[in-house]
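Position 129 (the sequence shown) corresponds to 134 in the working numbering; numbering is contiguous.
All residues carry an ideal CB built from backbone N, CA and C; glycine is no exception.
On a predicted model such as this, the values are computed, not experimentally measured, just so you know.
What follows is a set of notes on a single structure, which appears directly below.
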Amino acid sequence: MPSNTKKEISFTSEVRVRFAETDPLGIVWHGNYIQYFEDGREAFGRHHGISYLDQKDHNFSTPIVKSACEHKLPLTYGDVATIKTTYIDSQAAKLIFKYEIYNPKGAVVCTGQTVQVFVELGGELSLVIPEFFAEWKKKVGLLDE
Numbered sequence: 006m007p008s009n010t011k012k013e014i015s016f017t018s019e020v021r022v023r024f025a026e027t028d029p030l031g032i033v034w035h036g037n038y039i040q041y042f043e044d045g046r047e048a049f050g051r052h053h054g055i056s057y058l059d060q061k062d063h064n065f066s067t068p069i070v071k072s073a074c075e076h077k078l079p080l081t082y083g084d085v086a087t088i089k090t091t092y093i094d095s096q097a098a099k100l101i102f103k104y105e106i107y108n109p110k111g112a113v114v115c116t117g118q119t120v121q122v123f124v125e126l127g128g129e130l131s132l133v134i135p136e137f138f139a140e141w142k143k144k145v146g147l148l149d150e
């Protein structure tokens, strides 16, 4: 009998706020949070064996087609932020990630989500889940054998 419980696959990483990422008041400029999402996504991919380089090795890229970001508190120069990146499973040929960014005190400073699609390196959009990605989903327990 199939389970209705969805498995959460996530990874937590850290990033130190650099001077160049802040505005004249010393707080992180709002546009840099999207870069922190990417930092978290890359760390997730390396940890779980589905990095951008793994995708490229299978002749695919995964451009972002949608992003959302909600700011709650500021980060400041020198803070070490924690990024929790969670893969949201979908039956469609896309990658959905949600993000939670925490300040050094553990308070949520930003949340967000991105959606990526699979595009063959020649430029063709994939309407079905690529075989290598289906194999990855089996490996991490999201698809039955």
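Please report how far the alpha carbon of residue i lies from the alpha carbon of residue j, in whole angstroms.
| i | j | result |
| --- | --- | --- |
| Val-145 | Gly-54 | 10 Å |
| Val-20 | Gln-40 | 10 Å |
| Thr-16 | Thr-119 | Per the sequence presented here, residue 16 reads as Phe, with Thr not at that position. C-alpha separation (whole angstroms): 15 Å. |
| Ile-106 | Ala-112 | 8 Å |
| Ile-69 | Lys-77 | 23 Å |
| Ala-25 | Cys-115 | 19 Å |
| Pro-109 | Lys-89 | 13 Å |
Mind checking residue i: buried by the 16 CB within 10 Å criterion, or exposed?
| i | result |
| --- | --- |
| Arg-46 | buried |
| Thr-81 | exposed |
| Asn-64 | exposed |
| Gly-36 | exposed |
| Gly-128 | exposed |
| Ala-86 | buried |
Quick one: what does DSSP say residue i is sitting in, helix, strand or coil?
| i | result |
| --- | --- |
| Ile-134 | coil |
| Tyr-82 | coil |
| Glu-125 | strand |
| Glu-19 | strand |
Please work out which residues of its chain come closer than 8 Å, Cβ to Cβ, to residue i, disregarding the five sequence neighbours upstream and downstream, and give them in chain order.
| i | result |
| --- | --- |
| Tyr-57 | Glu-47, Gly-50, Ser-66, Thr-67 |
Within a Cβ cutoff of 7 Å, which residues of the same chain sit near residue i, ignoring the five residues on either side of it in sequence?
| i | result |
| --- | --- |
| Glu-13 | Thr-91 |
| Glu-125 | Asn-64, Phe-65, Ser-131 |
| Phe-42 | Tyr-104, Gly-117, Thr-119 |
Excluding the 5 residues preceding and the 5 following residue i in the sequence, name in chain order all residues of the same chain whose CB lies nearer than 6 Å to its CB.
| i | result |
| --- | --- |
| Ile-101 | Ile-93, Ser-95, Val-120 |
| Phe-137 | His-63 |
| Trp-141 | Ile-55 |
(request) Output the residue ranges of the alpha helix (DSSP H) runs that lie fully inside the stretch 45 to 113 and measure 4 residues or longer, sorted by chain position. (result) 57 to 62
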